[in-house]
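Take the sequence shown: its position 146, counting from 1, is numbered 145 in numbering that gives the first Met the number 0, and each next residue is one higher.
From the three backbone atoms N, C-alpha and C, an ideal C-beta is built for every residue, glycine too.
Computed from a predicted structure; not experimentally measured.
Only one structure is covered here, and it is reproduced in the block below.
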Amino acid sequence: MKKDTGRVRDQLSQRLLALYHMVDENTRFCDVGCDHGYLSIALVQDGICPKALAMDLRPGPLQRAKMHIESVGLEEKIETRLSDGIAKLKEDEADTVLISGMGGGVIYHILADEEEKAKSIKSLILAPQSQLVLVREYLRDAGYELVSEDMVLEDGKYYPMMKVSYKGKEAKESWELLGGEEVQEAAMMFGPCLLRQKHPVLKQYLLYRKRVVTSIKEQLPETVSSERREEVEKELHLLELAMSMWEGK
């Protein structure tokens, strides 16, 4: 097979490039749900990681990743492995594990089902596509420190991502913002670090989501349950609170 000498980093999407920048140098990298394997290739090509492990639950994407890895001549440095979550990850095999491209419920179960193994990993980079409150609350309560967060807007979709490290009870402070219970709820919904750093993409997301939820509220039928109406009004209130926090009011 003819080797492709092009730099894969130049072909990464905005989402993958943001994840690329969250990986620490000189760490053994594992990509859970690796899809095409481009992120592992870019990290090894650029010397960020000496070796990588690309894992996926599905044989098709894993075979595709293997072909891409072989096409750039990195099969000695990047291994592919069929795995459901981190089930097939061996002890002390990776320093940084990325879990992305799946819903928050799936990520929650991956971490909760392999709790001790997950906590032993130096850094977890997570990019849940839904149920962010579930993931953030689990991480906070399980003793993970929130190291950093980022968010990108690509092709009309918002992609939040976070980096965490297990520290124990003292890690809870990293998730908290100054304020009462509602401030903490907003932090769990929209991201403590994103709010602290006044992330520009978060502001775009808050404005977008406020338009969506306002429209939903206006179209609620008279027969809708009080629980559903309260749920919509609660989200709208937290959106307004988060916007106020972002603006420093």
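Simplified DSSP state of M0, which is helix, strand or coil: The predicted position of M0 is uncertain, since its pLDDT is 39 and thus under 50; no value can be drawn from it.
Contact set for S12: own chain, Cβ-Cβ below 8 Å, skip 5 residues either direction: E153
Contact check, S164 vs P191, beta carbons under 9 Å: no
Three-state class that DSSP yields for K156 in the structure shown: strand
Cβ-Cβ separation, L73 to V43 (assumed contact under 8 Å), whole Å: 6 Å
Own chain, CB closer than 6 Å to M242, minus 5 neighbours either side, in chain order: L205
Which of helix, strand or coil DSSP assigns to K168: helix
Cβ contact (3+ pairs, closer than 8 Å) linking the segment 85-102 and the segment 59-70: no
CB contact flag (G142, G102, <9 Å): no
At least three beta-carbon pairs within less than 8 Å, the segment 31-47 to the segment 111-122: no
Whole-number beta carbon distance between V7 and V71, since they are thought to touch under 8 Å: 7 Å
Beta-carbon spacing of G104, S122 below 9 Å: no
Residue burial classification, H20 (beta-carbon count within 10 angstroms, cutoff 16): exposed
Cβ contact (3+ pairs, closer than 8 Å) linking the segment 125-140 and the segment 182-196: yes
Beta-carbon proximity of E78 to A41, cut-off 9 Å: no
Own chain partners of L194 with C-beta closer than 8 Å, once the 5 adjacent residues on each side are dropped: L176, A185, A186, L201, A241, M244 and W245
Candidates E90, E75, Y158 and R227: closest to Q203 by CA position: Y158
Member of K89, E169, I124 and G178 whose CA lies at the smallest distance from the CA of K116: K89
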